[in-house]
Every structure is written in C-alpha cells, then in structure tokens.
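Numbering (my numbering), first residue to last: 5 to 257.
Some notes on the structure that comes next.
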Amino acid sequence: MEQGSTRDGAAPHTAERPEPHATVRVPEQARGEHTDGETPGRTGPARPVQRHSVRGQVLDALRTALVGGDLIPGEVYSAPALGARFGVSATPVREAMQQLATEGAVEVVPNRGFRVTERTSRELAELAEVRALIEVPVMLRLARTVPAGRWSELRPLAEATCAAAAHGDRAHYAEADRAFHRAVLSLAGNEQLVAVAEDLHRRSQWPLVAGPAIRRADLVADAAEHSALLDALIAQDLPVVQSLVREHFTSAK
Numbered sequence: 005m006e007q008g009s010t011r012d013g014a015a016p017h018t019a020e021r022p023e024p025h026a027t028v029r030v031p032e033q034a035r036g037e038h039t040d041g042e043t044p045g046r047t048g049p050a051r052p053v054q055r056h057s058v059r060g061q062v063l064d065a066l067r068t069a070l071v072g073g074d075l076i077p078g079e080v081y082s083a084p085a086l087g088a089r090f091g092v093s094a095t096p097v098r099e100a101m102q103q104l105a106t107e108g109a110v111e112v113v114p115n116r117g118f119r120v121t122e123r124t125s126r127e128l129a130e131l132a133e134v135r136a137l138i139e140v141p142v143m144l145r146l147a148r149t150v151p152a153g154r155w156s157e158l159r160p161l162a163e164a165t166c167a168a169a170a171h172g173d174r175a176h177y178a179e180a181d182r183a184f185h186r187a188v189l190s191l192a193g194n195e196q197l198v199a200v201a202e203d204l205h206r207r208s209q210w211p212l213v214a215g216p217a218i219r220r221a222d223l224v225a226d227a228a229e230h231s232a233l234l235d236a237l238i239a240q241d242l243p244v245v246q247s248l249v250r251e252h253f254t255s256a257k
C-alpha cells in the first residue's frame, strides 16, 4: 500500500491540482476483477491466475500510455485514481506501477502515488550507446552466419512497423519496433541477450521531458530502416549493417 493511503484504497486528500487525464484502457474481461481481497460477485472459488492477468494487462496499458504520451513526465498519478479509470481496484495498478518504478519509468512519491520520470536527451543518447555496444557485434555475427531465407522470414515484422508508422500511432509503432528487434536478436539463441536488449529498447522509447513532437514522417523514416537492414543482412554487407544499426539507435523514436 502506498504510504498515506487509507485502508479502503481511497487516495488521501491533498491540495494538489487534479491529475491530468490519462486515456489508458484495460480490456473488458479484466475490468471488475476483485484483486483487493473483496468477496467476488459470483459463486465458486477464486482463480489466482485472474489477478496476475489483470496486473499484466494493467502493466501493458500503463506502458502503452507512457509511450503514447498519455502519462506525462513530471506528473504524479495515484493508484486509486488510475484504478478508477481502468475499472479495476488500486492493487493491480499499484503493483504495475511498482514494476515500472524498478524499470525507472516512474518514481514513488510518498503519500501521493507515482511520478512519471523526467528523462533528458542525454539519457536517450546513453541508452543508444549501450544498445549499439550490445547489438552491433551480435548483428554483424548473425550477418555472417544466418541464411538469407531466415532474414526473409522477418520481412512481415518490418512491414508491420511501416504500417504502424503510416498511421502515426507511436504506441503501436513502439510495440512493432520491439517485436522486430526481438526477432532479429532471437536468432542468436541467447535468451539473456534478448531480455537485456528488450529492457534497454523499452527504456529508449519513453518520452523526453522536453523536445519536439514526434511526427509521422519521423516514424516512417525510422520504420524504413528495418527493411534496409534486412536487405543488408541478406546481402551480408557488414559495413552497411553496422552503419544502419548505429544510425537507427541514434534516431530511434
């Protein structure tokens, strides 16, 4: 329970201005789940898997809202208030927010809730550098060893990023972008590598506290680099692979 919260999960009264509206959503089947120990509104034993399912769906919804700009850097959000918007209790929201806190996306604000982290362009540059240090050598090795046919199988994932970019949907694009990079790195057969790279990639997608708005054209250009990378990997053109990956991380949206 957040410090200062009442036992019934109500948010403590503060003189703060109303929280900004967050247009996050949780799938219908997850709404109304009793996750704070309430008596279910139906007969039969409770199924523990439901609570974890709700928590996971809330976490996904929060991540989507974070990338999409619905959760604003520097703003504070309480678990009870977000739970009311999601149609769930505060518990899965609080648990999801705690996970985001471990990832550095939010920070705990005693007696109030969670503040969305204010990131800088320097942090983004540092993430790009670390990603390049990890992924460039791996992709160069894969370019030498993976048959062209395997790279061709990833073409639909590259096309999915182009489709998301064309719609200007940053949250959807972020998911498609991670899926493409995850599929590429999975060919290395190293699950730990994929997990570390996924975490760095997700962090690089969080919005900056200040900066120009991401345009649809920016997303389209970013997505086009995926197809170009596949072409270079198929051709085993190592200098182009290295150049494309480094440039892609530098301009990552």
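All C-beta atoms in this analysis are idealised placements derived from N, C-alpha and C, irrespective of residue type, glycine included.
Proximity to Ala180 across Gly193, Glu195 and Pro160 peaks at Pro160, based on C-alpha coordinates.
Here the segment 143-159 lies against the segment 225-245, with 3 or more beta-carbon pairs under 8 Å apart.
Closest in C-alpha terms to Arg67, from the list Gln240, Val80, Ala192 and Trp210, comes Trp210.
Residue environment analysis places Val112 among the exposed positions, since fewer than 16 neighbouring C-beta atoms fall within 10 angstroms of its C-beta. In this structure Val71 is in contact with Arg174, their Cβ atoms being roughly 6 Å apart against a cut-off of 8 Å. For Gly117, the three-state secondary structure derived from DSSP is strand. Arg206 and Arg123 have their C-alpha atoms spaced approximately 13 Å apart. Under the 8 Å Cβ criterion, the segment 84-100 does not count as touching the segment 126-138, having fewer than three qualifying pairs. In this structure, Tyr177 keeps its C-beta atom at 8 Å or more from the C-beta atom of Phe118. Distance from the Cα of Leu75 is smallest, within the candidate group Leu104, Arg59, Thr95 and Gly60, for Leu104. Cβ-Cβ separation between Ala227 and Ala152: approximately 22 Å, too far for a contact (criterion under 8 Å).
Under a 10 Å Cβ-count criterion, Ser156 is classified as exposed, with fewer than 16 other Cβ atoms of the shown protein chains found around its own Cβ. Restricting attention to alpha helix (DSSP H) runs no shorter than 4 residues, the segment 74-139 encloses them at 83-90 and 94-107, ordered along the chain. Under the three-state reduction of DSSP output, Leu237 falls in the helix class. Taking 8 Å as the cut-off, the Cβ atoms of Leu128 and Leu204 do not count as close. For Thr165 and Ala187, the gap between their C-alpha atoms comes out near 13 Å.
Assigned with DSSP and collapsed to three states, Leu191 falls in coil, not helix or strand. A distance of 8 Å or more separates the beta carbons of Glu79 and Val140. Across the structure, Leu233 and Val249 are spaced so that their CA atoms are roughly 8 Å apart.
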